[in-house]
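Residue numbers (UniProt numbering): 1 to 78.
Working notes, structure below.
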């Protein structure tokens, strides 16, 4: 089911409506990174270095949309 883990973390209501309309594959990928400490550290490191979503996506094998959603959720977690 789409966004199961995000709903469990009480973050679903904080996601913008347009991002809620993604595929189950994309939501699974995003949830995998959001719930993985090492994955989050890696993305945060790239963001601190000034990498844009495209470059982060290329490095990690993610789409730009997936990276943008992860970045939005990171903003909600802080």
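No residue lacks a Cβ here, since even glycine has one placed at the ideal position from N, Cα and C.
In whole angstroms, give me the CA-to-CA distance for residue 9 and residue 73. 11 Å
Measuring straight from C-alpha to C-alpha, what distance separates residue 12 and residue 19? 10 Å
Kindly give me the distance between the Cβ atoms of residue 57 and residue 64, rounded to whole angstroms, as I take these residues to be in contact under 8 Å. 5 Å
Where residue 50 and residue 22 are concerned, what is the direct C-alpha to C-alpha distance, given to the nearest angstrom? 26 Å
Look up residue 56 in the DSSP assignment and say whether it is helix, strand or coil. helix
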